[in-house]
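These notes concern the structure reproduced below.
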Amino acid sequence: QVQLVESGGGLVQPGGSLRLSCAASGSILSVDVMAWYRQAPGKQRELVATITIGAGRTNYVDSVKGRFTISRDNAKNTVYLQMNSLKPEDTAVYYCNLDGFHGNYWGQGTQVTVSS
């Protein structure tokens, strides 16, 4: 069993930055993939970024390329999402996801609001 706990959301002005954290407890393997998703009101949940735990390979949705960076600290079992140059359209609940050898898990989500 794995538990994911997100933190770091909040209210920020357009152009600002936030860093989200996702702390994982339980068995995380090098073959696992962790990801950040987001869901805005009235919209479907969308994949934002992924990272492989072993090699650290990353992928991003086009709308965040060059602005967001996903990273991991394997010693802390934590994945981060550094979000820069935030836009109002980035407003959403952000969810951490583990697609692992032992199963698929979700965090509870953290609200990010970009507004002046």
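Numbering-wise (the working numbering), the sequence shown opens with residue 18 and increments by one. All C-beta atoms in this analysis are idealised placements derived from N, C-alpha and C, irrespective of residue type, glycine included.
With a threshold of 16 other CB atoms inside 10 Å of the CB of residue i, please say whether the residue is buried or exposed.
| i | result |
| --- | --- |
| Ala-52 | buried |
| Asn-114 | buried |
| Val-48 | exposed |
| Gly-26 | buried |
| Glu-23 | buried |
| Leu-21 | buried |
| Leu-46 | exposed |
Residues bridged to residue i by DSSP?
| i | result |
| --- | --- |
| Glu-106 | None; Glu-106 has no bridge partner. |
| Leu-21 | Ala-41 |
Measure the Cβ-Cβ separation of residue i and residue j and say whether it is below 9 angstroms.
| i | j | result |
| --- | --- | --- |
| Tyr-97 | Thr-86 | yes |
| Ser-44 | Val-19 | yes |
Quick check: is any heavy atom of the ligand ZN less than 8 angstroms from the C-beta of residue i?
| i | result |
| --- | --- |
| Gln-99 | Only the bare structure without any ligand can be found here, which leaves the ligand ZN out of the picture. |
For this session: Decide yes or no for the touch test of the segment 92 to 108 against the segment 30 to 49: beta carbon pairs closer than 8 angstroms, at least 3 of them.
Result: Segment contact: the segment 92 to 108 against the segment 30 to 49, three or more CB-CB distances shorter than 8 angstroms; contact assigned.
For this session: Would you be able to state if there are at least three C-beta pairs under 8 angstroms between the segment 123 to 130 and the segment 61 to 68?
Result: No contact exists between the segment 61 to 68 and the segment 123 to 130.
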